[in-house]
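*Asks:* Numbering (our numbering), first residue to last: 401 to 694.
Could you have a look at this structure, given as structure tokens, before my questions?
Structural data, given as structure tokens:
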């Protein structure tokens, strides 16, 4: 009995060992296969990441280590600056900082006559206490033949909220307004801290040249207007399309570099858009010491 029972038990044990070995072998193969598949998957993901990085760099403009250095940044800044200068030149624009600086070179002018009346205008600073303005703002014109002519006996310039007395040191030969001789030079005794204007006596006033006008519009302070040169008149004035409001006479006409090239002296009757400019010339500065001129 015992021998018969031992044989099946031995056979069962052998089969158990065989199946256990086969199971371990299968599991080992499965594990090896899983590891291989996992390695392959990782390799594929890495490859996809590399391709994705390349595509992102291409569309985003990724810079390599050789790009983006100081020299490259300076080159781009120079290109941008050149473009800005070209646009300003083509459009006749002045930088805001320069316009704001030039504004500080002009003051409001007020004159008072012996009849109790007053007038207002503008004066531009030339340096050393000298200012340029229009004659009709500081001298009563058109008084010839009158029995009781009007006489201006006081001229004041507004400087940082206070009035400075100014005296007339030179004038043109104008007898009426809007005339080539309608200019005047003033002088103040008190020191003033204003940026002097640089003048250009040879400016051509070519047709369509952009210009910038600064003046005491309607006695509301120094304001800016822009316009374009028209043509010269028979008496050597220049017409332009820029605001000619009351009070701007004696102000400044600047070219595209911020240089003083003329003074506004009048407008067309009934049309503030059509103004007259008096080009600068040597005669106007014969009594001005140390003039800043191009």
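Each residue gets a CB set at the ideal place from its N, CA and C atoms; glycine is no exception.
May I ask you to list the residues that DSSP assigns as paired with residue 668?
*Replies:* 671
*Asks:* Just list the residues that DSSP pairs residue 508 with in beta bridges.
*Replies:* 522
*Asks:* Cutting at 8 Å between CB atoms, please list the residues of its own chain near residue 622, excluding the five before and the five after it.
*Replies:* 503, 506, 507, 508, 522, 614, 615, 616 and 651
*Asks:* Does DSSP put residue 537 in a helix, in a strand, or in coil?
*Replies:* Annotated three-state conformation of residue 537 is helix, per DSSP.
*Asks:* Using CA coordinates, which residue listed in 570, 685 and 595 is at the minimum distance from residue 662?
*Replies:* 685
*Asks:* Check whether the Cβ atoms of residue 654 and residue 607 sit closer than 8 Å, and answer yes or no.
*Replies:* no
*Asks:* Are the beta-carbon atoms belonging to residue 582 and residue 678 less than 8 Å from one another?
*Replies:* Going by C-beta atoms, residue 582 is nearer than 8 Å to residue 678.
*Asks:* Please report the straight-line C-alpha distance between residue 644 and residue 478, rounded to a whole angstrom.
*Replies:* 39 Å
*Asks:* Is the region 564-576 touching the region 526-542 in the sense that three or more CB pairs, one from each, lie closer than 8 Å?
*Replies:* yes
*Asks:* With distances taken between CB atoms, is the gap from residue 605 to residue 638 smaller than 8 Å?
*Replies:* yes
*Asks:* Taking the C-alpha atoms as reference points, what is the distance between residue 585 and residue 691?
*Replies:* 12 Å
*Asks:* For residue 642, which residues from the same chain have a beta carbon less than 7 Å from its beta carbon, with the 5 sequence-adjacent residues on both sides left out?
*Replies:* 611, 613, 625, 626, 627 and 675
*Asks:* Using the three-state DSSP reduction, which class does residue 619 fall into: helix, strand or coil?
*Replies:* Helix at residue 619.
*Asks:* Does the Cβ of residue 649 have 16 or more other Cβ atoms within 10 Å, making it buried, or fewer, making it exposed?
*Replies:* buried
*Asks:* Can you give me the start and stop residues for the beta strand (DSSP E) that residue 639 sits inside?
*Replies:* Bounds of the beta strand (DSSP E) holding residue 639 are 638-641.
*Asks:* What residue ranges within the region 525-588 form continuous beta strand (DSSP E) runs of no fewer than 3 residues, ordered along the chain?
*Replies:* 530-533, 552-559, 562-571 and 584-588
*Asks:* Helix, strand or coil: which one does DSSP assign to residue 682?
*Replies:* helix
*Asks:* Could you tell me which of 603, 539, 562 and 579 sits nearest to residue 664, measuring between CA atoms?
*Replies:* 579
*Asks:* Would you give the residue range spanned by the alpha helix (DSSP H) that residue 496 belongs to?
*Replies:* 496-503
*Asks:* Locate the beta strand (DSSP E) running through residue 654, then write down its first and last residues.
*Replies:* 652-654 is the extent of the beta strand (DSSP E) around residue 654.
*Asks:* Helix or strand or just coil, what does DSSP make of residue 689?
*Replies:* coil
*Asks:* Helix, strand or coil, according to DSSP, for residue 474 in the structure here?
*Replies:* helix
*Asks:* For chain B, find out if any of its Cβ atoms is closer than 8 Å to the Cβ of residue 580; answer yes or no.
*Replies:* Checking the listed chains, one finds no chain B in this structure; it contains a single protein chain.
*Asks:* Looking only at its chain, what residues have a beta carbon closer than 6 Å to the beta carbon of residue 590, apart from the 5 residues adjacent to it on each side?
*Replies:* 564
*Asks:* In whole angstroms, what is the alpha-carbon distance linking residue 515 and residue 529?
*Replies:* Roughly 29 Å between the two C-alpha positions.
*Asks:* Assuming residue 524 contacts residue 680 under a Cβ cut-off of 8 Å, what Cβ separation, rounded to an integer in Å, is found between them?
*Replies:* Rounded, the Cβ-Cβ distance is 10 Å, inconsistent with contact.
*Asks:* How would you call residue 547, buried or exposed, if buried means at least 16 neighbouring beta carbons within 10 angstroms?
*Replies:* exposed
*Asks:* So, using beta-carbon positions, are residue 603 and residue 556 closer together than 8 Å?
*Replies:* no
*Asks:* Under the three-state reduction of DSSP, which class applies to residue 605: helix, strand or coil?
*Replies:* coil
*Asks:* Inspect the beta-carbon positions of residue 559 and residue 592 and report whether they are closer than 8 Å.
*Replies:* yes
*Asks:* Check this for me: beta carbons of residue 383 and residue 619, under 8 Å apart or not?
*Replies:* The displayed coordinates of the chain run from 401 to 694. Any statement about residue 383 would go beyond what the structure contains.
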